[in-house]
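Accompanying notes for the structure given below.
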Amino acid sequence: QQQVKQSPQSLIVQKGGIPIINCAYENTAFDYFPWYQQFPGKGPALLIAIRPDVSEKKEGRFTISFNKSAKQFSLHIMDSQPGDSATYFCAGGVGEYSGGGADGLTFGKGTHLIIQP
Amino acid sequence: NAGVTQTPKFRILKIGQSMTLQCTQDMNHNYMYWYRQDPGMGLKLIYYSVGAGITDKGEVPNGYNVSRSTTEDFPLRLELAAPSQTSVYFCASTRTGLGSTTEAFFGQGTRLTVV
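Chains as they are written, first to last, in our numbering: chain A, 2 to 118; chain B, 229 to 343.
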């Protein structure tokens with residue numbers, strides 16, 4: 002599987018700041034880009050996802066920005082809170098509407114985010 | 229709703245022992261997956277299944293086996309445990325393939341240590 006490169010590996014932000022996590026992908030067949038949030042001792046849970054036909058998607062305080070030409074996408078967390086402290090994974094996959102998707106997502110290596118009070 | 233349930237939550241194995249990690253989902257999802265998560269390495273796909281009786285290898289299948297006799301269950305078998313299999317294992321399921329509008333639901337994980 003081709004890689005999804007995620008940075009930074011760890012990030013510390015003060016409460017109210019805007020942490021930004023970046024990802025870059027190689028597989029141009031990918032057409033589904035989710036972000037997962039994982040708290041300690043728990044499994045990952047879907048946070049927000051985007052398709053490459055839009056450049057931005059917002060859900061609450063979470064925003065994905067997508068740059069198809071650069072093959073990059075990023076997660077922004079507005080007005081960050083200590084409760085947002087978690088590990089965040091970006092991923093890429095081939096969507097069901099493209100006839101694929103059975104073999105799972107390719108995940109980035111994760112970003113350990115700490116929001117300080 | 230139970231969602232995806234994995235057992236056990238923790239296990240310590242000796243080198244050469246075997247064990248089965250259990251995974252069951254109650255959402256009638258066709259697609260199920262096994263991932264392993266190592267520190268700083270993200271999630272790597274071990275095996276996946278698109279329905280009962282159908283399984284296929286993922287990125288890191290060596291040392292593992294799976295079966296899918298029912299829609300609900302997707303056990304992962306380690307035959308001869310090795311220290312390299314020390315990891316946290318996650319089972320996941322989706323309604324269809326991982327696609328544009330399909331969410332993957334993960335279990336809480338099994339933390340396995342091989343000594």
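For glycine and all other residues, C-beta sits at the position ideal for the given N, C-alpha and C.
| task | Report the rounded CA-to-CA distance for Leu306(B) versus Ser295(B), giving the unit in angstroms. | result | 12 Å
| Roughly how many angstroms lie between the CA atoms of Cys24(A) and Val342(B), to the nearest whole one? | 33 Å
| Members of the segment 51-76 of chain A near chain B, C-beta cut-off 8 Å | Arg52
| request: Could you pull out every residue in the same chain whose Cβ sits closer than 8 Å to the Cβ of Ser328(B), ignoring the five residues on either side in sequence? | output: Any reading at Ser328(B) must be qualified, since the residue scores a pLDDT of 48, below 50, and its modelled position is unreliable; the value itself is stated next. So the list is empty, once near-sequence residues are dropped.
| Is Thr88(A) closer than 8 Å to Gly111(A) when the C-beta atoms are compared? | yes
| message | Based on DSSP bridge pairs, tell me the residues matched to Glu307(B). | response | Its beta-bridge partners do not exist; DSSP assigns none.
| said: Does chain B have any CB closer than 8 Å to the CB of Gln38(A)? | reply: no
| request: Go ahead and label Gln253(B) buried or exposed: buried means 16 or more other beta carbons lie within 10 angstroms of its beta carbon, across all protein chains shown. | output: buried
| Reference Pro236(B), options Ser312(B), Arg323(B), Leu304(B), Leu308(B), closest by Cα | Leu304(B)
| field | Residue range of the beta strand (DSSP E) that includes Asn23(A) | value | 21-26
| message | As a quick exercise: from Met79(A), Gly109(A), Cys91(A), Gly93(A), pick the residue whose alpha carbon is nearest that of Lys16(A). | response | Met79(A)
| message | Looking only at its chain, what residues have a beta carbon closer than 8 Å to the beta carbon of Leu271(B), apart from the 5 residues adjacent to it on each side? | response | Tyr263, Arg264, Gln265, Phe318
| query | Taking only beta-carbon atoms, is Gly281(B) less than 8 Å away from chain A? | reply | no
| query | Along chain B, in chain order, which residues have C-beta atoms closer than 7 Å to that of Gln10(A)? | reply | Gly268
| Are Gln245(B) and Thr338(B) touching if we call contact CB-CB under 8 Å? | no
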